[in-house]
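From first to last, the protein sequence lines are chains W and P. The opening residue of the first sequence carries number -18 in our numbering; numbering runs sequentially from there. The opening residue of the second sequence carries number 115 in our numbering; numbering runs sequentially from there. We put the CB at the ideal spot given by N, CA and C, even for glycine. Below: one structure, written as structure tokens.
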Amino acid sequence: MARREIGEINAGSMADIAFLLLIFFLVTTTMDVDSGIARKLPEKTDIKSDVIVKEKNVLDIVVNRNNQLLVENEYVQVTDVKRLAMKFLNNGGGLSTPTDGKPAEPCDYCTGDKDPSSSDHPTKAIISLQSDRGTSYGMYISIQNEIEAAYNQLRNDLGKRLYNRSYDELLKEYSDNPSESINVKISNLKDKFPQIISEPEPIK
Amino acid sequence: MSKFKKKKKGLPAISTASLPDIVFMLLFFFMVSTTMRETDLVIKKPVLPQASEVKKLEQKSLVSTIYVGKSKDSRVSGDKIQANDKIIDVKDVISFIFSERASRKEEEVKFMTTSIKADKEANVGTIIDIKEKLRDIDALKISFSTTRGTDIKSNF
């Protein structure tokens, strides 16, 4: 009985099979990178502490259900928020809060107007965003974005002055190769302009 | 002078033997980078607002997503909240986050982020309600999902 030889498998159709799979994955793939505005919610505590904050240290932003904006009781557009917030945060008209035995000191890195009727120190400056339940989410995000932009711009400018590198560049550098020295710079910039955003109960 | 015969003109055929290799390489790339759509939307696909100051969400496995948008049925008004393939009530956000936590390792729980994908037409009230529920159970890291863009005016 003659042994039947097994012939070589023809690999010519391999490319076709691979193409078929490739096209399947091409079609099903979604390469959307999930990105967004990151926020940290305040913790809920039972202890009600009455912290007295001077009115000049709070930037009041109110938005109503018709998506109209009031900043410090003046009617403005969304695009003005960044400028106003920067002016407010960068003012440095007074002294910081004394902490851990460190005496209160004026803001030596602020480049603002030093207006005594505006915020004392960036570490004291609070941005309050009060919205209505009927405000559209797009408007809300736009304001959040503008506030974020104000902080980022201030940190960028300060970074350029202190380290010749903007805050964004430092963050990018840190994600490429994390090192302690960059981390120190980043947290220093963050401490110089800390994000203090308060969101009171919405208007019903 | 036959030693210097003219060479044959014309290009030789390109070998296609490496074609499967190239295709396989592409195939593996797409297989690795692909993320199958994990949830089917029951609500109308939310139109995300635009923002310029966005941060990329790291560690996708630690992200739980809550969708907010209009119902597919245009007769139903109001915002609907979707999590895990079904429409839920605001108070069920708590159990959703707990079930998400249960499927992760314990030490990873504090790095978990809640991504809120809401339509730009949605009401802030709905978002605030969700935020309150998240605060109740200490799920404090959130991200408002947006698309990258500078056209702020298109948001409202």
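What ranges does the beta strand (DSSP E) occupy inside the segment 1 to 59 of chain W, keeping only unbroken runs of at least 3 residues that lie completely in it?
16 to 21, 39 to 44, 50 to 52 and 55 to 57
Using beta carbons (cut-off 9 Å, strictly below), is residue 153 of chain P in contact with chain W? no
Terminal residues of the alpha helix (DSSP H) in which residue 138 of chain W lies
118 to 144
* To do: Go ahead and pull the three-state DSSP assignment for residue 229 of chain P.
  => strand
Report task. Put residue 249 of chain P into one of helix, strand or coil per three-state DSSP. Result -> helix
With a threshold of 8 Å on Cβ separation, who are the neighbours of residue 260 of chain P within its own chain once the five nearest residues in sequence on each side are excluded? 162, 163, 164, 165 and 168
| Own chain residues within Cβ distance below 8 Å of residue 117 of chain W, not counting five before or after | 48
Beta-ladder partner(s) of residue 165 of chain P, from DSSP
P:262
#### Entry: Contact list for residue 7 of chain W against chain P, beta-carbon separation under 8 Å
144
Compare the C-beta of residue 25 of chain W against all C-beta atoms of chain P and say whether one is closer than 9 Å. yes
Does chain P have any CB closer than 9 Å to the CB of residue -5 of chain W?
yes
Review point. Just curious, the alpha helix (DSSP H) that residue 181 of chain P is in, first and last residue?
Key: Premise fails: residue 181 of chain P lies in the beta strand (DSSP E), 177 to 184, not in any alpha helix (DSSP H).
request  = Compare the C-alpha of residue 268 of chain P against each of W:132, W:138 and W:121 and name the closest.
outcome  = W:121
How should residue 173 of chain P be labelled, buried or exposed, when 16 other C-beta atoms within 10 angstroms of its C-beta is the threshold for buried?
exposed
- Task: Classify residue 181 of chain P as buried or exposed, calling it buried when 16 or more other Cβ atoms lie within 10 Å of its own Cβ.
- Result: buried
**Asked** Between the segment 84 to 96 of chain W and the segment 63 to 75 of chain W, are three or more C-beta pairs nearer than 8 Å?
**Response** yes
Check: Cβ atoms of residue 256 of chain P and residue 142 of chain W: under 9 Å apart, would you say?
Finding: no
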